[in-house]
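Everything below concerns the one structure shown next.
Numbering (this note's numbering), first residue to last: 18 to 139.
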């Protein structure tokens with residue numbers, strides 16, 4: 018299960034807070050690009066949000082470069098088993114363009130919209 022918390026980041030000459038996501042083993046899996054601005058629908062909820070943000074001040078300060086390095090150094094995830102029991106290796110996914118080229122397809126009309134799936138001429 019992926020968990021998250023707020024962390025303080027050092028950006029150039031300023032400090033900010035971002036959400037950081039952790040993998041099952043507790044290692045950093047990534048973070049939000051945008052910084053956090055506390056907002057809430059009630060004053061009580063805003064108070065709780067600010068308390069959560071204050072907890073980040075007790076943790077070590079990060080930089081985006083550190084998070085990028087941690088993510089880049091993480092070994093590739095093992096293949097997952099689908100519901101049918103077959104292995105799925107997401108690292109071997111290919112782009113649509115690569116698939117089209119591999120199959121030798123011509124998708125010049127790929128943007129055409131079919132409004133009635135039972136009648137491809139509409």
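All C-beta atoms in this analysis are idealised placements derived from N, C-alpha and C, irrespective of residue type, glycine included.
Going by other Cβ atoms of all chains shown within 10 Å of its Cβ, with 16 needed for buried, is residue i buried or exposed?
i           : result
residue 105 : With a pLDDT of only 49 at residue 105, under the threshold of 50, the placement of this residue in the model should not be trusted, and no figure is reported.
residue 23  : buried
residue 73  : buried
Please report the distance separating the alpha-carbon of residue i from that of residue j.
i          : j           : result
residue 65 : residue 36  : 16 Å
residue 54 : residue 122 : 47 Å
residue 27 : residue 84  : 12 Å
residue 48 : residue 31  : 17 Å
residue 58 : residue 88  : 34 Å
residue 29 : residue 61  : 33 Å
residue 56 : residue 44  : 28 Å
residue 86 : residue 80  : 10 Å
residue 92 : residue 82  : 18 Å
residue 71 : residue 63  : 12 Å
residue 21 : residue 69  : 11 Å
residue 25 : residue 75  : 9 Å
residue 90 : residue 118 : 31 Å
residue 40 : residue 50  : 18 Å
Quick one: does the C-beta of residue i sit closer than 8 Å to a heavy atom of the ligand ATP?
i          : result
residue 59 : Of ligands this structure carries none, so the ligand ATP is not represented either.
Do residue j and residue i come within 9 Å of each other at the CB atom, strictly closer than that value?
i          : j          : result
residue 19 : residue 46 : yes
residue 34 : residue 52 : yes
Which one or two residues does DSSP pair with residue i in a beta bridge?
i          : result
residue 29 : Paired residue(s): none; residue 29 is not in a bridge.
residue 35 : 24
residue 79 : 26
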